[in-house]
Structure formats: structure tokens, C-alpha cells
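Visitor:
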Amino acid sequence: MSFMNKKAADRDMGGEDAVSVIGREVYFQGTVTARGSLRVDGRMQGAILEAHTVIVGEKGRVEGDITAENVVVGGLVAGNICSSGFTELLSGSTVKGDIRTAKLVVEEEARFDGRCSMNEAAAAEPPAGAQRPPKPNTDDEDE
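Throughout, our numbering is defined as the position within the sequence shown, counted from one, plus 1341.
1. May I have the straight-line CA-CA distance separating glycine 1371 from isoleucine 1389, to the nearest angstrom?
2. Hey, would you say glycine 1383 sits closer than 8 Å to glycine 1364, going by beta carbons?
3. What residue does the beta strand (DSSP E) around asparagine 1411 start on, and which one ends it?
4. I'd like the list of long-range same chain contacts for aspartate 1439, defined as Cβ closer than 6 Å, with 5 residues on each side in sequence excluded.
5. Can you grab the Cα-Cα spacing for the pair cysteine 1423 / arginine 1402, in whole Å?
6. If you drop the 5 nearest sequence neighbours on each side, which residues of the same chain put their C-beta closer than 6 Å to that of arginine 1452?
7. In chain order, which continuous runs of the beta strand (DSSP E) of length 3 or greater are located wholly inside the region 1360–1437?
Next comes the structure, spelled out in C-alpha cells:
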């Protein structure tokens, strides 16, 4: 039994959560910080940060790291995934990168090439090499 099957992924992206979509005809390059949920049906090159739920549709392609509460992959992700909730790899999906998550579901015929850490402490910290937002400068050096 999966956390979110294909029909549920299409139907429910987090309740009253704001939903953003990168459509089939869209190519996007850059970093997306999504406070709500994000669905990728097109092609994206860059990181996805701080999202509630990220769904990569069957034809979707993400070349970059994903950091979200929940991640559902139906297409291709070439990058690391870090989720504090669950990660689900649907049948026919491909992930080429490391996964850190609290819960993992891998359907039959999903492909995964990378390492996986499954525990709540591991899910709280992005995989090594993952893109992170810049930290504010807090240098308080006395001269």
C-alpha cells in the first residue's frame, strides 16, 4: 500500500496548501522556493526548496535537488531528495541521487540509483552536496 497513489497525487496536494505548477510545455531553470506544494509536469533544472509537497508527474523531469516535507516521483529526478515526511517512487519513475527521508515507498518498476537514509534525524539534514539557501552573514568579529 502506498502513501499517495497516482490518482491521489493528482487529486490531493495538501489540503488548503497553495499549489504551483510547472506545466508540460514549460522549461524552467533556477531555484524555486515554494511555501506550498509544487507539481512538475515539464522540465526543471535547479533546486526546489522548502515545499510542502513536491509531485514530479509522469512526464516531469527535475535536474536538481528537492527539499520538501513530502515528495512523490512519477517521472525523473536527477538529484538528491530530502523529505521530512515521506518519499514515494511510483511505478515507472527514476531517481538518480541520494534520498534522505523518514518514510520511503518504492513501487514495483520504479528505478533508484543512489543511497538512502531512512530515519527522522537523517531526513532533517539535506544529503551531502545538496544545494542549500545562503545563510545570512553573522560575522561579529571585534577589531
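Just so it is clear, CB atoms sit at the ideal spot from N, CA and C, and this is done for glycine as well.
Guide: Taking the geometry as given:
1. 9 Å
2. yes
3. 1407–1414
4. Asn1421, Gly1455, Arg1456 and Pro1468
5. 17 Å
6. Thr1435
7. Those beta strand (DSSP E) runs which fall completely within the region 1360–1437 and span 3+ residues are 1360–1363, 1368–1370, 1378–1381, 1384–1386, 1389–1397, 1402–1404, 1407–1414, 1422–1430 and 1435–1437.
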